[in-house]
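Input: a single structure, listed below in C-alpha cells.
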C-alpha cells in the first residue's frame with residue numbers, strides 16, 4: 012500500500028531538517044538544468060500516436076510469421092490459449108507481491124503449486140517462489156554457495172558450456188564480493204570440454220561447480236560422477252537445467268545436484284523480445300534456509316482447513332536487513348503463474364510429448380543437415396533439441412539469406428566463442444513442422460553453393 | 020526469568036561460563052524470553068576460527084525476530100554445539116544448559132572483567148523491562 016505524506020507531515024519533515032520548501036532540496040542542481048528545454052516535437056493525438064507506434068510494430072518480424080530455429084536460452088514453444096486467458100483475470104493480473112501474504116490465499120496457492128511443480132521437474136526437495144530469469148537464478152546459486160561456506164571457499168568453477176550470458180550475470184552479481192574467483196573449467200578455445208573434465212580442478216577451496224544440462228550446445232551428459240567428486244571435496248554442484256528437457260531426461264536431483272536453476276520461459280512464456288521471463292531455483296532441504304527469495308508452505312488453520320503461508324523468507328531484506336544475503340524480496344509472480352497453468356494444462360504426459368517432439372525434430376534436422384556438403388555436425392554426444400552445425404560461410408551471411416526466405420536461423424556462436432566462427436546453434440521445438448525443417452535444409456544447401 | 024549465579028553476562032544478553040581459560044557461551048533466559056519460540060540457530064563460525072571481542076558468531080531466529088549472537092571475548096573456537104541446528108527449541112527450554120553454543124579458548128582472559136556478574140545482569144534486565 013502506498014501512503015502519501017500529508018501537507019502537514021511534509022512541513023514537519025522540512026522544518027526538522029531546516030529546509031523551507033521541497034524545491035530547496037534540489038539546490039545542488041543548477042537552476043537552468045532543472046527543467047531543461049527538451050526540444051520535443053509538438054504533441055499528437057492518441058489516434059495519431061497509435062498509428063505511428065503501430066507502424067513501428069509492423070516492421071518487426073516475429074516467430075508468428077517466421078520459421079524459428081533460434082534458441083540459445085529462449086525457445087519458441089506452443090502456449091495453450093487458456094494460459095493467457097486465466098493469467099489476465101484481474102485477481103491475478105493486478106496483484107503485486109503479497110505484503111500481507113496470508114490474506115492472498117490464491118496468490119500463495121499459485122506459488123505453492125509452482126514450487127511443487129519445479130521440485131518434481133528438477134528432482135529436488137524444495138523450490139522457491141521464483142526469480143527474474145535463468146541468469147539471475149544462476150547468479151543466486153553462486154551467492155548461496157558463497158554464503159553456505161561463509162566466504163571460506165572462494166572458488167566458483169564453471170563449465171564453458173554454460174550460457175555465456177548467465178556467466179556474465181553471475182560475474183556482475185558477485186563482483187562486489189571479497190575474494191571470490193569465478194574460474195573457467197577450460198578455456199574459451201575449448202568450449203566443448205565435457206563436464207567430467209572439471210573434476211581435476213575441484214579442490215577444498217571450491218564452493219560451487221556450475222554446469223548446464225543439456226549444456227549450451229544442446230549436449231546431454233550424465234552428471235553422476237561429477238556430483239560424487241564435487242561432494243568428495245565438500246563443494247556444491249549447481250546445474251542450470253532446461254525445463255522442457257526435464258520432461259524426458261533423468262533429473263539433476265537424481266544425479267546428485269545440490270542446486271538446480273534455470274529459465275522457465277519454455278513453460279508457456281512468450282519470447283516477447285527477451286522478457287519478462289522466469290527464473291526457477293531448487294535445492295535440497297538442508298539448504299532451505301540459505302536460499303534467496305521466499306518459500307510458501309501448505310498448512311491447516313485452527314479449524315483444520317487447508318491454507319497457505321509464507322513459510323520462509325530467511326534471506327530477504329525485510330526480515331534480515333543488513334544480514335540479508337540477497338536483494339531479492341519478491342518473485343516473478345505472474346510469470347510463475349503462467350508456467351504453473353501451462354504445466355497443469357499440458358499435464359505429465361503432454362509435457363513428455365512436447366519434450367519428445369523437440370527431441371525427434373531436432374534429430375531429424377541434424378540428420379538432414381549433416382548430410383549436406385559443406386556442413387558438419389560438430390558433436391557426436393547425445394543431444395536434446397539443439398545442436399552445433401559447422402557452416403561453409405559466416406553465420407551472419409547465412410542468416411540474412413534465411414530471413415529473406417522467412418526463416419529465423421540459428422545462433423551465431425562466433426559472437427561468444429572466438430573459436431566457433433562459422434558455427435551455428437540450431438534449435439527445434441514442437442513448433443517446427445517437417446516442411447519447415449525441410450525448407451531450412453533446402454535453403455542451407457542453396458546458400459552453400461552461392 | 021532465571022539468572023544463573025555463577026555466570027558472566029554481556030549487555031547483548033550472552034552468558035559465559037569461564038573454567039580456566041575456556042569460556043562456554045550461550046544466550047540468557049531473558050534473551051530467549053524476548054525472542055519467544057526459537058525456530059533456527061546457526062553458528063557462523065567453526066572450530067579453529069579466531070573470533071574477536073564483539074564480533075558476530077551466530078544467529079538465533081524465532082517466530083518473531085532474527086537476532087545476532089555476539090562474543091564478548093576474543094579467542095579460538097574449540098567446540099560448536101552442532102545439536103542446536105536440529106533442535107533449536109532447546110534455546111527456550113534450557114538456555115543455560117543444553118543450549119550452550121560455543122566453547123572459546125580465551126586469548127585475553129582479562130576481557131571477562133568487563134562483563135556483568137549475575138547481580139548486575141539482573142538489575143540490567145529489570146531496568147529494561149520497565
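Protein chains in written order, with my numbering: chain A, 12 to 461; chain B, 20 to 149.
Heads up, the beta-carbon is just placed ideally off N, CA and C, and yes, glycines get one too.
Computed from a predicted model, the values in this text were never measured in an experiment.
Separation of residue j from residue i, as counted between CA atoms
i: residue 37(B); j: residue 92(B); result: 11 Å
i: residue 125(B); j: residue 42(B); result: 7 Å
i: residue 365(A); j: residue 85(B); result: 45 Å
i: residue 128(A); j: residue 274(A); result: 14 Å
i: residue 126(A); j: residue 294(A); result: 11 Å
i: residue 44(A); j: residue 53(A); result: 21 Å
i: residue 306(A); j: residue 30(A); result: 44 Å
i: residue 309(A); j: residue 456(A); result: 56 Å
i: residue 178(A); j: residue 166(A); result: 14 Å
i: residue 311(A); j: residue 289(A); result: 29 Å
i: residue 315(A); j: residue 116(A); result: 16 Å
i: residue 255(A); j: residue 439(A); result: 12 Å
i: residue 70(B); j: residue 94(B); result: 6 Å
i: residue 100(A); j: residue 170(A); result: 42 Å
i: residue 82(A); j: residue 377(A); result: 15 Å
i: residue 237(A); j: residue 216(A); result: 17 Å
i: residue 409(A); j: residue 253(A); result: 27 Å
i: residue 225(A); j: residue 260(A); result: 9 Å
i: residue 221(A); j: residue 373(A); result: 26 Å
i: residue 283(A); j: residue 21(A); result: 42 Å
i: residue 412(A); j: residue 454(A); result: 8 Å
i: residue 218(A); j: residue 164(A); result: 5 Å
i: residue 405(A); j: residue 185(A); result: 35 Å
As assigned by DSSP and simplified to three states, the class of residue i
i: residue 87(B); result: strand
i: residue 293(A); result: strand
i: residue 337(A); result: coil
i: residue 409(A); result: helix
i: residue 133(B); result: helix
i: residue 117(A); result: helix
i: residue 351(A); result: helix
i: residue 278(A); result: coil
i: residue 65(B); result: coil
i: residue 397(A); result: strand
i: residue 460(A); result: helix
i: residue 370(A); result: helix
i: residue 360(A); result: helix
i: residue 418(A); result: strand
i: residue 46(B); result: strand
i: residue 423(A); result: strand
i: residue 435(A); result: strand
i: residue 74(B); result: coil
i: residue 130(A); result: helix
Sub-7 Å separation of residue i and residue j beta-carbons
i: residue 203(B); j: residue 60(B); result: The structure shown does not extend to residue 203(B), since chain B is modelled only from 20 to 149, so the question has no answer here.
i: residue 227(A); j: residue 174(A); result: yes
i: residue 156(A); j: residue 25(A); result: no
i: residue 45(B); j: residue 120(B); result: yes
i: residue 89(B); j: residue 75(B); result: yes
i: residue 107(B); j: residue 58(B); result: yes
i: residue 350(A); j: residue 278(A); result: yes
i: residue 135(A); j: residue 271(A); result: yes
i: residue 131(A); j: residue 302(A); result: no
i: residue 146(A); j: residue 176(A); result: yes
i: residue 204(A); j: residue 197(A); result: yes
i: residue 122(B); j: residue 98(B); result: yes
i: residue 292(A); j: residue 92(A); result: no
i: residue 394(A); j: residue 258(A); result: no
i: residue 304(A); j: residue 352(A); result: no
i: residue 72(B); j: residue 130(B); result: yes
i: residue 154(A); j: residue 296(A); result: no
i: residue 47(A); j: residue 321(A); result: no
Exposure of residue i, with buried meaning 16 or more beta-carbon neighbours within 10 Å
i: residue 445(A); result: exposed
i: residue 324(A); result: buried
i: residue 362(A); result: buried
i: residue 7(A); result: For chain A, the structure presents residues 12 to 461; residue 7(A) sits outside this window and is missing.
i: residue 435(A); result: buried
i: residue 385(A); result: exposed
i: residue 41(A); result: exposed
i: residue 37(A); result: exposed
(request) Any chance you could list the beta strand (DSSP E) runs of at least 3 consecutive residues sitting entirely within the region 33-111 of chain A, in chain order? (result) Runs of the beta strand (DSSP E) inside the region 33-111 of chain A: none found.
(message) For a minimum of 4 consecutive residues, which ranges assigned as the alpha helix (DSSP H) are wholly contained in the region 152-219 of chain A?
(response) Qualifying alpha helix (DSSP H) stretches, in chain order: 175-185.
(request) Only counting runs of 3 or more residues, tell me where the beta strand (DSSP E) segments fall wholly within the region 92-127 of chain B, in order along the chain. (result) Counting whole runs of 3 or more residues, the region 92-127 of chain B contains the beta strand (DSSP E) stretches 94-99, 121-125.
(request) Entirely within the region 210-268 of chain A and at least 4 residues each: give me those alpha helix (DSSP H) ranges in chain order. (result) DSSP runs (the alpha helix (DSSP H)) wholly in the region 210-268 of chain A: 235-243, 263-266.
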